[in-house]
Amino acid sequence: MNDIVGNKIKELRKSKRLSQEEVADFLNVSQSTYARIEKGESNSWVNNIAPICELFDIKPDELLKQDTIVISQNQQGGNSNNAYVINQLSEKLISQFEETIKEKDAIILMLKTQLESLK
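So, in structure tokens, the structure goes:
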């Protein structure tokens, strides 16, 4: 999923004639972090989905949908294969969101602990 989203973001950036540095500045991340998003090496795009959609004037589902879907030539089982591919992509995305939520929960807990120690 990171590859799909990264490629989509790269295409959008190029279509707007923006540099990686310009997009990174808009997202308040380093250029190297942004480059990792485009390469599909990072899922930090999840944390920046709202500003990314704002910058490129798109809806989140447009960013997440895959342009090419593998279509089976088998007429009888083709629809079930397509549904399987879509379900696999959805499950990966859900898994990434759940992982990000866990990471944020851990950070919140750490910050609360630090805040309590300062009181």
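1 is the number of the first residue of the sequence shown in the numbering used here; add one for each residue after it. Glycine included, each C-beta is placed from N, C-alpha and C at the ideal position. Quantities reported herein were computed from a predicted structural model and do not represent experimental measurements.
| Query | Result |
| --- | --- |
| Simplified DSSP assignment, three categories, for Leu111 | helix |
| Rounded C-alpha distance that separates Met110 from Lys92 | 27 Å |
| Burial state of Ile37 (16 or more Cβ within 10 Å) | buried |
| Alpha helix (DSSP H) segment containing Gly6, residue limits | 2-15 |
| Simplified DSSP state of Ile37, which is helix, strand or coil | helix |
| Asp61: first and last residue of the uninterrupted alpha helix (DSSP H) it sits in | 60-64 |
| Sub-7 Å separation of Asn48 and Leu27 beta-carbons | yes |
| Alpha carbon of Ala106 to alpha carbon of Glu99, nearest angstrom | 11 Å |
| Residue burial classification, Ile94 (beta-carbon count within 10 angstroms, cutoff 16) | exposed |
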